[in-house]
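What follows is a short report on a single structure.
Numbering (this note's numbering), first residue to last: 41 to 266.
What follows is the structure, given as structure tokens:
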């Protein structure tokens with residue numbers, strides 16, 4: 041069971057639950073520590089739990105038929121992943137790996153589904169979460185085919201600051217250029233070149249081990265003719 045402080049940090053959605061449901065969620069939530077490079081999930085794993093990032097960074101990816109690994113999304117602190125598989129009680133369709141030492145909150149599937157069936161505020165959150173995640177993946181398919189590396193990286197960074205998927209992220213994120221490259225499916229050299237271009241255009245500021253966002257709206261639309 042998580043401490044009250046840690047629970048409220050990662051489970052931002054719990055603030056809208058009534059006291060009884062909030063305590064039920066906390067009692068049925070545990071913590072797991074993942075070292076850098078460790079897998080939380082592999083494709084086809086059947087794990088009946090919902091996962092939130094207390095601290096750290098996860099990457100969601102799939103392996104194409106060609107054998108190429110395709111990065112789908114990054115999950116940073118306060119982000120949650122895997123609700124679709126828990127709702128459908130099906131094996132995972134993706135891999136999830138820790139890009140740095142990461143602490144994970146696990147809410148068991150039974151409690152998740154009870155909240156889904158009995159808590160209107162939790163249901164409201166799930167609808168928003170699923171809608172945003174669907175939009176993210178649709179956008180990924182589109183810009184993966186149509187945009188150049190700088191634009192793809194700009195969009196990937198912008199999604200890390202989505203207020204629904206990562207509500208605790210301010211306009212500053214502790215992340216290395218290597219991690220950004222891994223999340224965007226690029227080499228470190230390509231990612232570094234794209235980041236310098238975005239900095240030169242005044243959209244972000246690179247600092248040691250972190251990025252400060254200066255214009256989130258332009259990042260989210262980068263590469264689109266307005």
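Every residue, glycine too, gets a C-beta built ideally from N, C-alpha and C.
Fair warning: this is a prediction, and the values are worked out from it, not measured in the lab.
Same chain, Cβ closer than 8 angstroms to residue i, five either side skipped, listed in chain order
i: residue 140; result: 76, 96, 97, 219
i: residue 44; result: 66
i: residue 126; result: 88, 89, 90, 149, 152, 153
i: residue 232; result: 217, 221
i: residue 227; result: 221
i: residue 64; result: 151, 154, 155
Own chain partners of residue i with C-beta closer than 6 angstroms, once the 5 adjacent residues on each side are dropped
i: residue 70; result: 146
i: residue 234; result: 189, 190, 193
i: residue 84; result: 131
Beta-carbon contacts of residue i that lie in its chain and below 7 angstroms, excluding the five residues immediately before and after
i: residue 202; result: 172
i: residue 258; result: 243
i: residue 161; result: 56, 57
i: residue 72; result: 144, 146
i: residue 175; result: none
i: residue 159; result: 57, 61
Cβ separation of residue i and residue j, assumed to be a contact under 8 angstroms, to the nearest whole Å
i: residue 82; j: residue 207; result: Not really, about 28 angstroms apart at Cβ, beyond 8 angstroms.
i: residue 101; j: residue 109; result: 5 angstroms
i: residue 211; j: residue 178; result: Contact doesn't hold; Cβ gap of about 25 angstroms is too wide.
i: residue 223; j: residue 180; result: Between residue 180 and residue 223 the Cβ distance is about 11 angstroms, and since that is not below 8 angstroms, they are no contact.
i: residue 205; j: residue 119; result: 6 angstroms
Bridge-paired residues (DSSP) for residue i
i: residue 114; result: 99
i: residue 125; result: In the DSSP output, where bridge partners are listed per residue, residue 125 has none listed.
i: residue 143; result: 73, 95
i: residue 50; result: According to DSSP, which records beta bridges pairwise, residue 50 is partnered with nothing at all.
i: residue 245; result: 252
i: residue 187; result: Paired residue(s): none; residue 187 is not in a bridge.
i: residue 109; result: 103
Three-state secondary structure assigned by DSSP to residue i
i: residue 250; result: strand
i: residue 149; result: helix
i: residue 87; result: coil
i: residue 261; result: coil
i: residue 204; result: coil
i: residue 192; result: helix
i: residue 130; result: coil
i: residue 59; result: helix
i: residue 138; result: strand
i: residue 175; result: helix
i: residue 212; result: strand
i: residue 266; result: Per-residue confidence for residue 266 stands at a pLDDT of 47, beneath the threshold of 50, marking its modelled position as unreliable; no derived number is given.
i: residue 223; result: helix
i: residue 44; result: helix
Exposed unless 16 or more other CB atoms sit within 10 angstroms - verdict on residue i
i: residue 168; result: exposed
i: residue 137; result: buried
i: residue 236; result: exposed
i: residue 103; result: exposed
i: residue 263; result: exposed
i: residue 106; result: exposed
i: residue 122; result: buried
i: residue 200; result: buried
Short CB-CB distance (under 8 angstroms) between residue i and chain B
i: residue 201; result: In summary, chain B is missing from the structure at hand, where a single protein chain is found.
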